[in-house]
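Q: Letter 70 of the sequence shown, counting from 1, is numbered 70 in UniProt numbering, and no numbers are missing.
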Amino acid sequence: MSKKNNNFFKLEMLFLKILSIRDCYGYEITHSIKELTNGKIDIKEGSMYPVLYKFEDLGYISSEKKLVGKRMTRIYYHLEPSGKAYLEGIYKEYKEMTSIIDTFMEEEHDLQ
């Protein structure tokens, strides 16, 4: 898995995890991730929206426009059951892969 794909894989998990807690609008998703990781993960909007659009196309999330104040509209995203199942699957794969890598890194290897 390339670095780009690995990071994308992690973004997917983080976005879906936030939406499993509550419905959120875009900025709220990235702000929550930044806050919950003590600033260690700071996702830019340019990285977020393609993932959200992909999830919506796949039926993992749905969106709803809500009027906030007199003129501002926000799009709130909601995790659908298929998105929850997808999150569980990719998280399981992630845990398996990190376990394999941890074991590999901690063992002594003889390549002779």
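Note that beta-carbon positions come from the ideal geometry of N, C-alpha and C, so glycine has one too.
These numbers come from a predicted model, not from an experiment.
(1) When the Cα of Y73 is compared with those of L16, L11, G26, which residue comes out closest?
(2) In terms of alpha-carbon separation, which member of G59, K17, Y53 lies closest to L36?
(3) Going straight from the alpha carbon of residue 113 to that of A85, what length do you get?
(4) With a cut-off of 8 Å on the beta carbons, I'd call Y77 and I61 a contact; round off their distance for me.
(5) Please classify I41: does DSSP put it in a helix, a strand, or coil?
(6) Rounded to whole angstroms, how far is the Cβ of V51 from the Cβ of L11, which I believe are closer than 8 Å?
(7) Check whether the Cβ atoms of G46 and S82 sit closer than 8 Å, and answer yes or no.
(8) Could you check whether I43 and T30 sit closer than 8 Å to each other, using their CB atoms as the reference points?
(9) Would DSSP call H109 helix, strand or coil?
A: Result, derived from the coordinates:
(1) Residue identity differs from the one stated: residue 73 is Thr in this sequence, not Tyr. Nearest to T73 by C-alpha distance, out of L16, L11, G26, is G26.
(2) The closest CA to that of L36, considering only G59, K17, Y53, is found on K17.
(3) The structure shown does not extend to residue 113, since the chain spans only 1 to 112, so no value can be given for it.
(4) The C-beta separation of Y77 from I61 comes to about 5 Å, placing the pair in contact by the 8 Å criterion.
(5) Three-state DSSP puts I41 in coil, outside helix and strand.
(6) Their Cβ separation, rounded to whole angstroms, is 6 Å, which keeps V51 and L11 in contact under 8 Å.
(7) No, the Cβ-Cβ distance between G46 and S82 is not below 8 Å.
(8) Less than 8 Å divides the Cβ of T30 from the Cβ of I43.
(9) In the displayed model, H109 falls within coil according to three-state DSSP, outside both helix and strand.
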